[in-house]
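Asker: If you read the sequences in order, they're chains A and B.
So for the first sequence, the numbering used here puts the first residue at 72; every next one is plus one.
So for the second sequence, the numbering used here puts the first residue at 303; every next one is plus one.
Idealized CB from N, CA, C, for every residue including glycine.
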Amino acid sequence: MSEKRIITEEEKSVFEKVTGKEFTRRSFLKWTSALAGAAIASGLIWDDKLGLFREASAQERLEGSLFAGKGKWIYTTCQMCGGTSGIKVHVVDGRVVKIEPNEYNPIGVANISTDYAEKKALGGRMCPKGNSGTRALYDPDRLKKPMKRVGPRGSGKWKAISWKEALDDVAKNLLEIRKKYGPEALFWTTEDSSFTDMQGDFNLLYGSPNYSQHSNLCDVARKASFKLVMGDERPLPDFANTKYALVFGWNFLGATKWSHLPGIYNWGRAKGAKMVVVDPSYSQTTAKADEWIPIRPGTDGAFALALGHEIVRNRWYDEEFIKNYTVGFDKYAELVRDKTPEWAERITSVPAETTRRIAKELAATKPAIVDVWSGPGHHTNATDGGRAIAMLPALLGQYDKPGTMMIRQAMGGKRRAFNVDKPKSPRIDGLGTKYPFAHPSGILVETRDAMLSGKPYQLRAAVLMFHNFVMAIPNTRKNIEALKKLEYVVVFDTMMSETAELADIVIPGSHYLERWEVNVNWVTFPATAIRQPAVKSVINGMTEQEFILALARKMGLKDKDGKTLPDTYPEYISDQLKNGPIGKTLDEMLALPGAVFIGGETHYEKYKKNGFATPSKKIEFYSEQMAKKGLNPLPDYVEPIYKPTAEFPLYLVNFKQSEHTHSRTFNNNWLMEMKSDNPLIINSATAANLGLKDGDAIWLESPYARAKATVQTTERIHPEVVSLQHGYGHWAFGKIARGSLNKINRWSPAGTADGQFLAGVAEKTSGMAVHKEIGIRIIKA
Amino acid sequence: MDGYKGEDKEDMMESTENTARARAYEILAGFFSNEPTREMFDFLNEAISCSIEDTIEGIEVDFATMFIVPGNGLQPFESLYNRAPDEEPSLWGKATKDVAGFYRAYGVHIDESTGILPDHISVELGFMGHLIEREDNNAQRRFLEEHLLKWIPEFCDRVYSKANTDFYKGVSKLTKEFILSEYEAIKGEAR
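#1: In terms of residues, what are the limits of the alpha helix (DSSP H) holding W234(A)?
#2: Which term fits S524(A), buried or exposed, when burial requires 16 or more other beta carbons within 10 angstroms of its beta carbon?
#3: Within the continuous alpha helix (DSSP H) that includes Y678(A), where are the two ends?
#4: Would you report the Cα separation of K311(B) and P378(B), rounded to the nearest angstrom?
#5: Between which two residues does the alpha helix (DSSP H) harbouring K485(A) extend?
#6: Express the C-alpha separation of V167(A) and N611(A) in angstroms, rounding to a whole number.
#7: Distance, Cα to Cα, S264(A) vs P438(A)?
#8: For L813(A), count the other beta carbons within 10 Å of its own beta carbon; 16 or more makes it buried, fewer makes it exposed. Which is it?
#9: Note down, in chain order, every chain B residue with its Cβ under 8 Å from the Cβ of S794(A).
#10: Short of 8 Å in beta carbon distance, which residues of its chain neighbour L763(A), apart from the five on each side in sequence? Order them along the chain.
#11: Do you know how far the Cα of H789(A) is from the Cα of A758(A)?
#12: Could you tell me which chain A residues have their CB closer than 9 Å to the CB of V363(B), listed as they occur along the chain?
#13: Are the stretch 806–821 of chain A and the stretch 737–753 of chain A in contact at 8 Å, needing three or more beta carbon pairs?
#14: Relative to the alpha-carbon of K219(A), which residue among D632(A), A574(A), L795(A) has its alpha-carbon at the smallest distance?
#15: Note down, in chain order, each residue of its chain lying with its Cβ closer than 6 Å to the Cβ of K699(A), except the 5 sequence neighbours on either side.
#16: Note down, in chain order, every chain B residue with its Cβ under 9 Å from the Cβ of P199(A).
#17: Find the residues of chain B that neighbour Y209(A), judging by a C-beta separation of less than 7 Å, and give them in chain order.
#18: In three-state terms, what does DSSP make of V516(A)?
#19: Quick check on this structure: which residue in K464(B), Y327(B), R325(B), E359(B) has the alpha carbon closest to the alpha carbon of R340(B)?
#20: When you compare the CB positions of E171(A) and T451(A), do they come within less than 7 Å of one another, or not?
#21: At a CB distance below 9 Å, what residues from the stretch 366–386 of chain B approach chain A? Give them in sequence order.
#22: CB-CB under 7 Å to L406(A), same chain, minus the five flanking residues each way: which ones, in chain order?
#23: Where V398(A) and K689(A) are concerned, what is the direct C-alpha to C-alpha distance, given to the nearest angstrom?
#24: So, using beta-carbon positions, are S794(A) and V841(A) closer together than 7 Å?
#25: Short of 6 Å in beta carbon distance, which residues of its chain neighbour T477(B), apart from the five on each side in sequence? Order them along the chain.
#26: Have a look at Y327(B) and M430(B) and give me their C-alpha separation to the nearest angstrom.
#27: Where DSSP assigns a beta bridge to V162(A), which residues make up the other side?
#28: Roughly how many whole angstroms lie between the Cα atoms of Y722(A) and L829(A)?
#29: Are at least three pairs of beta-carbons, each pair with one atom in the stretch 301–308 of chain A and one in the stretch 457–472 of chain A, less than 8 Å apart?
#30: Looking at C-beta atoms only, is the number of pairs between the stretch 370–386 of chain B and the stretch 147–158 of chain A that lie closer than 8 Å three or more?
#31: Under 7 Å, CB to CB, which of the residues in the stretch 451–462 of chain B have a partner in chain A?
#32: Flag this pair as touching only if the stretch 240–259 of chain A and the stretch 633–646 of chain A have three or more C-beta atom pairs under 8 Å; answer yes or no.
#33: In the DSSP assignment, the alpha helix (DSSP H) including P637(A) goes from what residue to what residue?
#34: Anything in chain A within Cβ reach of K464(B), meaning under 8 Å, just list it in chain order.
#35: CB-CB under 6 Å to T367(B), same chain, minus the five flanking residues each way: which ones, in chain order?
#36: Which residues does DSSP pair with I361(B) in a beta bridge?
What follows is the structure in structure tokens.
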């Protein structure tokens, strides 16, 4: 540091401008002395309000020397995705150094209570995302202060504002919007498993009917399918104890949500279970199965009906079970009478012989699992296709028994009721009216369309919590246009996402290691875990939970009896837990091993005592309630609406992998290093016919978008189908998300986003966003 | 530094100088920690009759664009700059731990529950002011050598090139030159 630095003329003149003098050390020090008193008054000076630099106490000195490096372990839950695996976090001197699985949490071990008891000693599991939570926590690109837009929407001009200013601004604007347009003008949506109840309560008190959640971008078609057939919207497969599993469109080994799935699957296989995967792509799950049945996208329902045809024709069904626990079998038998394997082959491309063989194997092997997830679940015929699939275990009496599709028992909290008037306006998305069987999370596609059309009424404001609206809903261009139609947009996010860029106010979001939550686990027996902060938030302000509660106070939100939201979120959840079946306060929950409450064992054949949760209390092959609403009571096969055409001849679908969640994880370089590129997956023969080689640059085009991509050729996909991994293609969000780690592809370094190519519609029964159905064409670049 | 005559005068000037130095660190810390306010701007304009042509809005946008909006590579934390070439930029990086250790070694405790990262530029500059008030010259020298000098000049250069306003061009240059002059001065104080 001893070399002479040359101060340029330009730099000199800038000094003089700012200080009014030529810079020398002496003159600067004279200046600061002079400024001192007045500077403090003006707030210019760092006056250590927080008392950071007080002397360490003797105790703190002792702790510093004795425990330096030892730290403590905090039991909590992951939220790199919605799987909420149990974790424990090693915190040393206020810093997270390692995340490990939490052996006291069944998620990550097993979904059957006896399996959990047996295998608990092995410890839990964490996927790549869970292991990368530390990186996400300390991502330098995390938003750290509230910001307010100062240029036109989307111009990228922001000023930082204080937390108080942010609260004032949001409170003022939401109250004004309500006064001017009515509370229904506010649209509010959030990711799941993140204080959703409390946000719902906020909207109740505010008076808006338009509170939504993420599920209808996820798996509400599966939920509707199973619920309409057997009354439970999310049965869970007992892979560990099954002898046969027929799985439609689910890559649970490669795109793992619940981290026990690989384990329980392997135990089942080790005991000799046969696994068959129906999927246009050969996934990691297929690689570990016995058989791959490649199928045209969106035609799984036809295949299921043909299997049903075989089972009925050969009388392989469980007559006792059907007689005692189902209704409508005769009508179902009538429906499948002409759904021959040959009929199905024309539609699905699955050979008729295969269909006959699989039907025979399935019927002859018990216990058996038949399950479907978001492959077929993301098509315009998803609910009917899913129902046809859900009826297969019903034919064979394979529900709620060991080794079959199990009905979960859970113990959560009891939400406090508020006394409010019903909103004057209906929900804007048609939940309950246009969509009588949709999920309470709403229909985000419809809401987005309503923003654009202004019908049935115009939304004016949106609060988007932990949700990248622009990237998440199919038809990206429409999402951007929709947000631009609003007067006031508040975005809560950890990153400056594509959606945050279009906001009026951006509030920095917390990381899951910084906040509270209750997680009711997706295992078959009651298991409820607490998420607690492992560290204080690096944003050094309010978590979203605190912000929303402060906002409610500021806005004076209360119900007709004067009841308000509680002061803190821990109070809110403690209240819920105490008043619910668990009956414990938050502190009592935290005192449990691993901060997990286990409330009982897995029970089987619960339907014998309680029936199924359908209107008839039985499994419904024929759905009276659907008939009443003008829908087909039987799961007849309907062609997907958006299919390849002469102009757009290939099916485009998408897929997920364990390294990523939606579009959320793409600035995490530990995860991006695993796969920094997102080529279009295409069958080798198809590619050869198009004159394409592996790695070629292309233009990908649908009726809705045109974008750059590259190709990767493989045998592992149906020749009529191409596929993109969902979540890539960021143009905001951070340098890494925009492709800085991609060394092999300079043509489309951020990868290609799939959502832009889609029409952007919702499935008609469940309201599910259709993510996987469009015809596409490839043009060599 | 200019020569002085007489021990007393030297001591007095030194303590005046130390006060000024401490204030200097605190003012510079303030520039980076707080969103610029109308008051700051007016005060600066009036107190030193300087000729900044920036508007307060321009300065606010500049501050936010550089230090708050992510992706511009200017977040003011030592661990993002002072790192090994193969170490990825991260909050709570190795440098952060070292700074926290430094504070601890000098008997200063940053309460974990505040969530404040020890290596934020304002905290480091503020800590330097604290060391000056304690008159611990060795500690100051070490902190300059091991931390402030390792990243602040480079950081300031980057701010200078990214800033749109004269205000932040000036602030970044001031900060850099002051830190460098500090080292010159303290090196001269061999103890």
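Answerer: According to the structure data:
#1: In the first sequence, residue 234(A) corresponds to position 163, counting from 1. That run of the alpha helix (DSSP H) goes 234–252.
#2: Here the question's residue 524(A) lines up with position 453 in the first sequence. Flag for S524(A) reads exposed.
#3: Against the first sequence, residue 678(A) aligns to sequence position 607. For Y678(A), the uninterrupted alpha helix (DSSP H) segment begins and ends at 678–681.
#4: As a working mapping, residue 311(B) is identified with position 9 in the second sequence. As a working mapping, residue 378(B) is identified with position 76 in the second sequence. Low local confidence applies: a pLDDT of 49 at K311(B) is under 50, so the model's placement there is unreliable, with the coordinate-based value given in what follows. Looking at the two C-alpha atoms, the distance is approximately 39 Å.
#5: Taking the first sequence and counting its residues from 1, the one referred to as residue 485(A) is at position 414. First-last for K485(A): undefined, no H or E at that position.
#6: Counted from its first residue, the first sequence places residue 611(A) at position 540. Counted from its first residue, the first sequence places residue 167(A) at position 96. Computed Cα separation, rounded: 16 Å.
#7: To locate residue 264(A), count along the first sequence from 1; it is residue 193. To locate residue 438(A), count along the first sequence from 1; it is residue 367. Going by C-alpha positions, S264(A) is about 32 Å away from P438(A).
#8: Position 742 of the first sequence, counted from the first residue, corresponds to residue 813(A). The sequence given here places Asn at residue 813(A); Leu does not occur at that position. Buried, since its Cβ has 16 or more Cβ neighbours within 10 Å.
#9: Numbered from its first residue, the first sequence carries residue 794(A) at position 723. Those do not exist, as S794(A) stays about 30 Å from chain B at its closest Cβ, beyond 8 Å.
#10: On the first sequence, position 692 is the one that residue 763(A) refers to. When the five nearest sequence neighbours on each side are left out, the beta carbons in the same chain lying within less than 8 Å of the beta carbon of L763(A) are those of I753, I769, V782, T784, I849, K851, in order along the chain.
#11: Within the first sequence, the letter at position 687 stands for residue 758(A). Within the first sequence, the letter at position 718 stands for residue 789(A). As the crow flies, the alpha-carbon of A758(A) is around 12 Å from that of H789(A).
#12: To locate residue 363(B), count along the second sequence from 1; it is residue 61. Contact annotation for V363(B) against chain A: V221, G222, K228, W229, K230 [CB-CB distance below 9 Å, chain order].
#13: A contact is defined here as three or more CB-CB pairs under 8 Å, and the stretch 806–821 of chain A meets this definition with respect to the stretch 737–753 of chain A.
#14: What you label residue 219(A) is simply residue 148 of the first sequence in a count that begins at 1. Answer by Cα proximity: A574(A).
#15: Taking the first residue of the first sequence as 1, we reach residue 699(A) at position 628. Apart from the 5 residues on each side of it in sequence, K699(A) has no Cβ closer than 6 Å to any other Cβ in its chain.
#16: Position 128 of the first sequence, counted from the first residue, corresponds to residue 199(A). Taking the beta carbon of P199(A) as reference, no residue of chain B falls within 9 Å; the closest one sits roughly 17 Å away.
#17: In the first sequence, the residue the question calls residue 209(A) occupies position 138. Chain B residues near Y209(A): S392, L393, W394.
#18: By 1-based counting over the first sequence, the position of residue 516(A) is 445. V516(A) falls in the helix class under three-state DSSP.
#19: Position 38 of the second sequence, counted from the first residue, corresponds to residue 340(B). Residue E359(B) holds the alpha-carbon nearest to the alpha-carbon of R340(B) among K464(B), Y327(B), R325(B), E359(B).
#20: Locating residue 171(A) in the first sequence gives position 100, where the first residue counts as 1. Locating residue 451(A) in the first sequence gives position 380, where the first residue counts as 1. No, they are not a contact pair.
#21: For the stretch 366–386 of chain B, the beta-carbon criterion of a distance under 9 Å to any beta-carbon of chain A is satisfied by A366, T367, F369, I370, V371, P372, G373, G375, Q377, F379, S381, L382.
#22: The count along the first sequence starts at 1 and reaches residue 406(A) at position 335. Closer than 7 Å at Cβ, skipping near neighbours: L705, D707.
#23: The count along the first sequence starts at 1 and reaches residue 398(A) at position 327. The count along the first sequence starts at 1 and reaches residue 689(A) at position 618. About 6 Å.
#24: What you label residue 794(A) is simply residue 723 of the first sequence in a count that begins at 1. What you label residue 841(A) is simply residue 770 of the first sequence in a count that begins at 1. The Cβ atoms of S794(A) and V841(A) lie no closer than 7 Å to each other.
#25: Position 175 of the second sequence, counted from the start, is the residue given in the question as residue 477(B). Exclusion of the five residues before and after T477(B) leaves L330, C458 as the residues of its chain whose Cβ lies within less than 6 Å of its Cβ.
#26: Working through the second sequence from its first residue, we reach residue 327(B) at position 25. Working through the second sequence from its first residue, we reach residue 430(B) at position 128. Approximately 7 Å between the Cα atoms of the pair.
#27: Along the first sequence, one-based indexing puts residue 162(A) at 91. Per DSSP, K143(A), V167(A).
#28: The count along the first sequence starts at 1 and reaches residue 722(A) at position 651. The count along the first sequence starts at 1 and reaches residue 829(A) at position 758. In this structure, the straight-line span from the alpha carbon of Y722(A) to that of L829(A) is close to 11 Å.
#29: Contact between the stretch 301–308 of chain A and the stretch 457–472 of chain A is present, because at least three Cβ pairs lie under 8 Å.
#30: Fewer than three beta-carbon pairs drawn from the stretch 370–386 of chain B and the stretch 147–158 of chain A are found closer than 8 Å, and the two stretches are therefore not classed as touching.
#31: Within the stretch 451–462 of chain B, the qualifying residues are L451.
#32: Under the 8 Å Cβ criterion, the stretch 240–259 of chain A does not count as touching the stretch 633–646 of chain A, having fewer than three qualifying pairs.
#33: The residue given as residue 637(A) occupies position 566 in the first sequence. Taken as a continuous stretch (DSSP letters only), P637(A) belongs to no alpha helix (DSSP H), as it is neither H nor E.
#34: Within the second sequence, residue 464(B) is the residue found at index 162, counting from 1. Here the premise fails: no neighbours, minimum Cβ distance about 14 Å.
#35: Here residue 367(B) is taken as the residue at index 65 of the second sequence, counted from 1. Non-local C-beta neighbours of T367(B) in its own chain, meaning closer than 6 Å and more than five positions away in sequence, are absent.
#36: As a position in the second sequence, residue 361(B) is number 59, starting the count at 1. According to DSSP, which records beta bridges pairwise, I361(B) is partnered with nothing at all.
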